[in-house]
Amino acid sequence: MGIQHQRSCPHTPQKSIVERKNKHVLNTARALLHQASLPRQFWGECVLTATYLINRLPSSNLHWQSPYEILHHKKPSLDHIRIFGCLCYATNVNPNKDKFDPRASNCIFIGYSQNHKGYKLYHQDNKIVFTSRDVLFNEDVFPLANVSAIPTSYLPTAIPDPTPSHVPPMNSHAPTPSPTTVANPPIVPSISAPTPPSPALRRSHRHITQPHWLQDYIYNHSTSSPHHCDVHSFSSAHLSFLAQVEAVHD
Numbered sequence: 001m002g003i004q005h006q007r008s009c010p011h012t013p014q015k016s017i018v019e020r021k022n023k024h025v026l027n028t029a030r031a032l033l034h035q036a037s038l039p040r041q042f043w044g045e046c047v048l049t050a051t052y053l054i055n056r057l058p059s060s061n062l063h064w065q066s067p068y069e070i071l072h073h074k075k076p077s078l079d080h081i082r083i084f085g086c087l088c089y090a091t092n093v094n095p096n097k098d099k100f101d102p103r104a105s106n107c108i109f110i111g112y113s114q115n116h117k118g119y120k121l122y123h124q125d126n127k128i129v130f131t132s133r134d135v136l137f138n139e140d141v142f143p144l145a146n147v148s149a150i151p152t153s154y155l156p157t158a159i160p161d162p163t164p165s166h167v168p169p170m171n172s173h174a175p176t177p178s179p180t181t182v183a184n185p186p187i188v189p190s191i192s193a194p195t196p197p198s199p200a201l202r203r204s205h206r207h208i209t210q211p212h213w214l215q216d217y218i219y220n221h222s223t224s225s226p227h228h229c230d231v232h233s234f235s236s237a238h239l240s241f242l243a244q245v246e247a248v249h250d
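Position 11 of the sequence shown, counted from 1, bears residue number 11 in the UniProt record's numbering, the numbering being contiguous throughout.
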């Protein structure tokens with residue numbers, strides 16, 4: 001990449017201004033490096049990503065504008081910003097892949113490309129850095145994050161038994177205390193309180209009036225006797241005959 005020297009104008013003291021900005025960049029790069037648990041060989045990618053983010057963040061010294069906004073007179077787009085060092089999956093664009101080759105590769109996001117609209121990725125298996133645009137991010141996983149083992153000082157230790165190992169022998173000549181007799185207290189008969197009688201149910205003496213819609217209601221009464229007959233429709237001769245039959249049966 002090379003180094004580009006930028007000199008200040010004569011009689012314009014800028015003491016400690018460059019040092020403070022350099023400290024700002026290094027602090028941001030150091031935070032990115034340790035957050036992603038990346039090896040120190042990626043310190044250059046961390047510095048480039050730190051400057052990329054600082055140029056797009058508003059600053060109080062610039063009246064809450066970003067350096068990108070002052071330079072280009074428009075606000076920067078932050079839709080493509082991702083968490084540095086997270087796990088991502090890049091599309092496999094190898095033209096010689098067969099049907100059973102993986103369609104994506106596990107990579108680590110290490111920055112933004114300066115010449116392309118893509119992301120700089122580190123392939124863990126091939127140990128190469130490449131640029132890709134078709135990337136899916138899993139920003140909750142950091143592949144190189146080391147899970148430290150639990151120190152032995154924090155593990156629970158066995159608690160010693162407080163019972164002494166040596167028990168002094170008991171004196172065989174000690175007098176045996178005579179058992180004391182405890183008098184039983186007198187039994188007091190329990191007196192049950194009388195149960196109060198339950199109150200009688202109150203019956204209403206109100207006169208119940210039949211509804212008006214039942215006054216003109218006509219219905220046929222059905223009887224359960226199968227031999228019921230109406231004698232009002234019989235003639236007088238038939239009634240005399242039935243009376244004689246009843247007299248004979250009696």
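We treat Cβ as the ideally placed atom computed from N, Cα and C, and that holds for glycine.
Predicted model, so just to flag it, every value in this text is computed and none were measured.
- Here P76 has R56, S66, Y68, E69 as same chain residues with Cβ atoms under 7 Å from its own Cβ, once five neighbours each way along the sequence are excluded.
- Between C88 and L48, the gap from beta carbon to beta carbon reaches 8 Å or more.
- Between L62 and C46, the CB-CB gap reaches or exceeds 8 Å.
- Judged by DSSP secondary structure, H34 falls within the alpha helix (DSSP H) whose first and last residues are 17-36.
- Counting of Cβ neighbours within 10 angstroms places F100 among the exposed residues, the total staying below 16.
- Taking C-alpha positions only, V25 is separated from W43 by approximately 12 Å.
- Of S132, V141, H116, the smallest CA-CA separation from Q35 is found for V141.
- Here DSSP, grouped into helix, strand and coil, assigns I128 to strand.
- Distance from N92 to A104 at the Cβ level is roughly 6 Å; contact confirmed, criterion being Cβ atoms closer than 8 Å.
- Burial state of A31 is exposed, judged by a 10 Å Cβ sphere holding fewer than 16 other Cβ atoms.
- In the three-state reduction of the DSSP assignment, A145 falls in the coil class.
- A check of alpha carbon separations from P39 across V231, S233, S16, I108 identifies I108 as the nearest.
- Sixteen is the threshold: when 16 or more other Cβ atoms of the shown chains lie within 10 Å of the Cβ of I110, as they do, the residue is buried.
- Taking 8 Å as the cut-off, the beta carbon of V231 is found closer than this to the beta carbon of L239.
- Residue pairing by DSSP puts S105 in a beta bridge opposite A90.
- When the Cα atoms are used, E19 and S60 turn out to be separated by approximately 19 Å.
- Under the 10 Å beta carbon count, F234 is surrounded by fewer than 16 other beta carbons and is classified as exposed.
- Within the same chain, Cβ atoms closer than 8 Å to the Cβ of K120 are found at E45, F109, I110, G111, Y112, S113, V129, F130, T131, the five residues on either side in sequence being excluded.
- In the DSSP assignment, F137 forms a beta bridge with C88.
- Only buried fits F84, as 16 or more other CB atoms lie within 10 angstroms of its CB.
- In the structure shown, L201 adopts coil according to DSSP, grouped into three states.
- Within the same chain, and ignoring the five residues on either side of T28 in sequence, the residues whose Cβ sits closer than 6 Å to its Cβ are A50.
- In this structure, C86 lies away from N22, with their beta-carbon atoms at least 8 Å apart.
- Shortest Cα-Cα distance from R133 to any of S204, D125, N115 involves N115.
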